[in-house]
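Q: Be aware that the sequence shown starts at 15, since it is given in my numbering, and climbs by one per residue.
Idealized CB from N, CA, C, for every residue including glycine.
Quantities reported herein were computed from a predicted structural model and do not represent experimental measurements.
Okay, here's the structure, questions in a sec.
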Amino acid sequence: MRLFAGLSLDSPIPDHTTIMNFRHLLEKHKLSRPLFKEVNRWLSDAGIYLKEGTIVDATIIEAARSTKN
């Protein structure tokens with residue numbers, strides 16, 4: 015994601031407010047859909063566009079060890 019956004023490992027990442035402000039700016043100027051279509055076209059041209067699939071969340075969290083009763 016950092017490479018895609020042009021952020022190096024030592025640059026700070028934008029917080030949620032910055033991202034939401036950018037999203038609202040896109041919506042205000044009716045650029046959300048054209049941008050989304052362009053990104054999808056770019057992905058399709060690169061052969062990495064998926065039209066369907068399944069999202070799997072494999073987030074690792076700290077939890078207490080399971081005990082048997």
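Apart from the five residues on each side of it in sequence, which residues of its chain come closer than 8 Å, Cβ to Cβ, to Ser46?
A: Cβ within range, chain order: Arg37 and Leu40.
Q: Quick one: grab the DSSP three-state call for Ala19.
A: Ala19 falls in the helix class under three-state DSSP.
Q: Going by DSSP, what residue range makes up the alpha helix (DSSP H) through Glu41?
A: Taken as a continuous stretch (DSSP letters only), the alpha helix (DSSP H) holding Glu41 covers His30 to Lys42.
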